[in-house]
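Data block below; observations after.
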Amino acid sequence: MIKQAIKYGIVGVANTILSLVIIWIMTKKFGCAEAISNFTGYVIGLINSFFLNRKWTFNSTINIVGSAVRFFLVFAVCYLLQLGVLLYLNRYYPHNPPLYLFFEPILRVLKIDALFYIQILSMIVYTVVNFLINKYYTFKK
Numbered sequence: 002m003i004k005q006a007i008k009y010g011i012v013g014v015a016n017t018i019l020s021l022v023i024i025w026i027m028t029k030k031f032g033c034a035e036a037i038s039n040f041t042g043y044v045i046g047l048i049n050s051f052f053l054n055r056k057w058t059f060n061s062t063i064n065i066v067g068s069a070v071r072f073f074l075v076f077a078v079c080y081l082l083q084l085g086v087l088l089y090l091n092r093y094y095p096h097n098p099p100l101y102l103f104f105e106p107i108l109r110v111l112k113i114d115a116l117f118y119i120q121i122l123s124m125i126v127y128t129v130v131n132f133l134i135n136k137y138y139t140f141k142k
């Protein structure tokens, strides 16, 4: 599981870079609108994520269509969960989110305020839940 989690993390970093490059090329080189560039970059990153995670991270041989449907459904569910965590923490704990005071000395040095820390927390929730559901549901043999 640790090996798969590391691979999943590598795929995530690669997809982030790929998405950013696509967004940059579309906006800076081709003059596309930011919303279109952003959407395209994320879609390409998500498709790349599916194929890399399917073969490299989870070594799945199950039906590609079924796993693709589950993958994109899991993405949507995890995104909504992440958004829910973000909105909840922003509403009820905007100045003192969970564990913020514990990490506050480090966060202050890194110039990370409570609201950006909440973004990080919600992304961690997304990443962990997405990994586990993809491992035990999407690409399960």
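Everything in the sequence shown is counted per the numbering used here, starting at 2 for the first residue and increasing by one.
Yeah, the Cβ is synthetic: ideal placement off N, Cα and C, and Gly gets one too.
Here the structure is a predicted model, which means the values were calculated and not measured.
Asked                                                                                         : Found
Selection from Lys4, Tyr138 and Asn91 that minimises the alpha carbon distance to Cys74       : The sequence as given places Leu at residue 74; Cys does not occur at that position. Cα-wise, what sits closest to Leu74 is Tyr138.
C-alpha gap between Ala36 and Lys30, whole angstroms                                          : 15 angstroms
Spatially closest choice to Tyr142 from Tyr9, Arg55 and Phe40, by CA coordinates              : A quick correction: the sequence has Lys, not Tyr, at residue 142. Of the candidates Tyr9, Arg55 and Phe40, the one whose C-alpha sits nearest the C-alpha of Lys142 is Arg55.
Nearest to Leu82 (by Cα), restricted to the options Asn49, Gln120 and Gly13                   : Gln120
Member of Leu84, Leu53 and Phe104 whose CA lies at the smallest distance from the CA of Gly10 : Leu53
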